[in-house]
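Reviewing the structure listed below.
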Amino acid sequence: MDLLCWCLFFMSCLQTLSAHNDFFTSIGQMTDLLYTEKDLVTSLKDYIRAEENKLERVKRWADKLDLLTATATQDPEGFLGHPVNAFKLMKRLNTEWGDLESLVLSDTTDGFISNLTIQRQYFPTDEDQTGAAKALLRLQDTYRLDANTISVGNLPGVKHKSHMTVEDCYELGKIAYSEADYYHTELWMAQALKQLDEGEQSTFDKVTVLDYLSYAIYQQGEIERALGFTKRLLELDPEHQRAKGNSKYFEFQLEKQRKALEVETEKQKERGKRETSEKKKPKEKKPKEKNPKHQIPERTKYQMLCRGEGIRMTPRRQSRLFCRYYDNNHHPMYVLAPVKQQDEWDRPYIVRYLDIISDKETERVKQLAKPRLRRATISNPITGVLETASYRISKSAWLTGYEDPMIEKINQRIEDLTGLEMDTAEELQVANYGVGGQYEPHFDFGRKDEPDAFKELGTGNRIATWLFYMSDVAAGGATVFPDVGAAVWPQKGTAVFWYNLFASGEGDYSTRHAACPVLVGNKWVSNKWIHERGQEWRRPCGLSENE
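Sequence positions in the sequence shown follow mature numbering (1 follows the signal peptide of the UniProt record, and there is no 0) and run -19 to -1, 1 to 528.
Next comes the structure, spelled out in C-alpha cells:
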C-alpha cells in the first residue's frame, strides 16, 4: 500500500513538472528552474568532493611509493636482501596496485549523473532559449535600448545586475540570423566584436564574429560597410575562402553601382539641358489637395505608449479627472468603508480602485494559480480553435468561486462595486507574464465579423473588463490603449475597470488595448470578463448607438 502511494505521488510530481513547458512565457514558473539548478549545483559539489577525496588517496599512495622506490633503487639487491621488503614488493605488485587501479577506475559520477539525467527531462528546450532571445530583441525595439546598455545590464529598476559575455551576444546574434533578422544580427555581432576589441576573453574569435557581421550588413544593402568588415576579417585570416569570395563580389557590386550612378548622372544632365532650351508653356494651376492626416502605424503608437511617449491627455481633460471615496450608490458593504476610486481616462472611461485586493488575497490567488498555469492562447478568428500566438507571451489559469472561499469573496467584491451580475461572467483568469511578456493590441469583445465569438458560453458579448494588478513592475508592463493614447501603469493591490460595449450593445472600438512587454520585474494580473446576459436591469440599453 505504501509503495502504491509513493508511486502515485511520484507520478503526480512528474505530471506537474512535464506540464511546465514553454518556460519563457511565465516568470512565475521560471523560478522553479532556479531551485532545480541549485539542486544540481549541490549534486555537482558532492561529485567534486568525491573526486577530490579519490585524488587525495591516489596522491598519498604515489608520494609513499615515490619515496620508497627512490630508496630501493639506490641499492636494489641490498634492499631486497631484507625478506620483509621482498614480501612487500610481491604484495604491492600483486594486490595493492590492483586495488589502486580499481580506485582510479571507480566511478564517482553516479549520483550526479543520475540526478542530472532525471532533471534534464524538465529543462528548458531550444524553443525556450529562442523565445527568451526574441524577448530580449523585442524589449530592445520597444524601449529603444542599444545593445551595449543591455549587455552591461544598465536597465531601469534592476536589483540584480547581470553582464552579457561575448558568447551571450554572439548567441543572440546567431538566433536573429537564423530568423533572417539581419538588423538584430548586426547589432549583436557588433556588440560581440566591441567586447572582443576591449580585450574580453572568449571561446569565439573575431574572424567568426566578423563573418556573420559583414554578411548581415550586406543583406541590409550596405555593401561598402560589408566590404570594410570583410577586409578586416581577411587581415586576421588571409586564407578565409568565403571572405575572399565575398570581397571580390562586394567590390564587383560597388563598381557596378558606381557605373550605374555615372550613367544616371549623365541622363539627368541631358534632361536638364533639354528643359532649359525648350520654351516652357504656362501650366494650369490645379487646386491643392488637402493631405490626409498622417496616420501613425498602430505598432509605433503601441511602442511609444509603452515608453511613456505619445500620451494624448490635454491639461483641460486632465482637470476633469478626479479621485473620490466610492460606495456605489450607498451599497451596504461600502457605506461605512467606501473604497478609493480615481479616474484614469475619460474616453473610454477607465477607473482605478486602490487597495482593492490585499497582499494575503494576492498570494492566495497566485498559490492556487501557479500549478495550473498553461501557455495563454487566443481564439483563431477563422477556425475558432484555441492556439498559442507569438504576440501573447504569458501563462494563465482559471479559478472558480466554488473551489476556494477567497475567490468567491473577490467575485462578490467585483459585483458589489460594478453593480453587474457575476453569474454570467467568465471565471477569474490569472496571468503571469514571461521574459518580455506582452499581449499585443486586441479587443476583449467580439466584433460584428465574429458573430460566434462567445456562442458556446450563451451569455452574450463581453460587456466590461475588470483587471487586478497583483504585483508592481519595476519597468515596463503598462496597459495601453493605442487608439486614444492612454497608458495605465501596474500598481499592486489596485484594479482598473472599463466598459467594452456602449449601453446600446455596440462595441466601443476605443477600448482596443495591449499589455506592454515587461522590461524588468515579474507581472501578475487577474481579470474578470463580464458578459451581457443578466445585466438587463443593471445596465439598461441606451437609445443611441454610441450611448
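Every residue, glycine too, gets a C-beta built ideally from N, C-alpha and C.
F93 versus F478: straight-line alpha-carbon distance, rounded: Distance between the alpha carbons of F93 and F478 is about 52 angstroms.
Continuous beta strand (DSSP E) stretch holding N413: start and end: L409 to Y414
For Y103 and residue 530, the rounded distance between their alpha carbons: No statement about residue 530 is possible, as the shown extent of the chain runs from -19 to 528 and does not include it.
Closest residue to G515 among F449, M451, I444 and L191 (Cα-Cα distance): When only C-alpha atoms are compared, the closest one is I444.
Rounded separation between I511 and Y158 - CA only: 44 angstroms
Euclidean distance between Cα positions of R355 and W505: 14 angstroms
Beta bridge counterpart(s) of V147 as assigned by DSSP: Answer is none; V147 lacks a bridge partner.
Contact set for R293: own chain, Cβ-Cβ below 8 angstroms, skip 5 residues either direction: V465, G466 and A467
Nonlocal neighbours in the same chain, by C-beta distance under 7 angstroms from L302, ignoring five residues either side: D324 and D327
C-beta contact flag for V416 and F5 at 7 angstroms: Yes, they are a contact pair.
Beta-carbon spacing of V499, Y414 below 7 angstroms: yes
Pick from L215, T369, T166 and L349 that is closest to T358, judged by C-alpha positions: T369
Burial state of residue 588 (16 or more Cβ within 10 Å): Outside the shown range of the chain, which is -19 to 528, sits residue 588, and nothing can be said about it.
Pick from Y330, C304, V85 and R223 that is closest to P319, judged by C-alpha positions: C304
Backbone CA spacing between R119 and E18 [nearest angstrom]: 27 angstroms
Three CB pairs or more closer than 8 angstroms across the segment 388 to 399 and the segment 424 to 443: no
Inter-residue Cα distance where the pair is K271 and K351: Summary for K271: the model assigns pLDDT 48, below 50, so the residue's position carries little reliability; its value from the coordinates is reported in the next sentence. Approximately 56 angstroms between the Cα atoms of the pair.
Range covered by the alpha helix (DSSP H) that runs through I292: Element bounds for I292: n/a, residue is neither H nor E.
Alpha-carbon to alpha-carbon, Q100 and R223: Approximately 42 angstroms, taken between the alpha carbons.
Enclosing beta strand (DSSP E) for L496 [first to last residue]: Here the sequence assigns Ala to residue 496, which means Leu is not the residue at that position. Looking at the DSSP string, the run of the beta strand (DSSP E) that includes A496 is H494 to A496.
Candidates D44, Y330, T123 and H494: closest to C287 by CA position: The residue with the shortest Cα to Cα distance from C287 is T123.
Alpha-carbon to alpha-carbon, Y420 and P463: 13 angstroms
With 16 other Cβ atoms within 10 Å as the buried cut-off, status of S195: buried
The segment 448 to 461 contacting the segment 485 to 503, beta-carbon criterion three pairs below 8 angstroms: yes
Rounded C-alpha distance that separates G154 from A173: 9 angstroms
Close beta carbons around M145, own chain, < 6 angstroms, minus the five adjacent residues each side: S132
Whole-Å CB distance - R493 paired with F435, under 8 angstroms assumed: The pair is not a contact, with the Cβ atoms about 18 angstroms apart (cut-off 8 angstroms).
Closer than 7 angstroms to chain D by CB, A445: In the displayed structure, chain D is absent; only one protein chain is listed.
Whole runs of the beta strand (DSSP E) within the segment 420 to 497, excluding any shorter than 3 residues: 420 to 423, 443 to 450, 460 to 462, 467 to 469, 475 to 480 and 494 to 496
Status (buried if at least 16 other CB within 10 Å, exposed otherwise) for E517: exposed
Simplified DSSP assignment, three categories, for L86: Three-state DSSP puts L86 in a helix.
Close-in-space but distant-in-sequence residues of the same chain around F68 (CB under 7 angstroms, 5 per side omitted): none
Pair within 7 angstroms by beta-carbon distance, T405 and T440: yes
Opening and closing residue of the alpha helix (DSSP H) in which S339 lies: Here S339 belongs to no alpha helix (DSSP H), and DSSP marks it neither H nor E.
Continuous alpha helix (DSSP H) assignments of at least 4 residues falling wholly in the segment 168 to 234: 187 to 200 and 204 to 217
Three-state secondary structure assigned by DSSP to S507: It is a strand residue.
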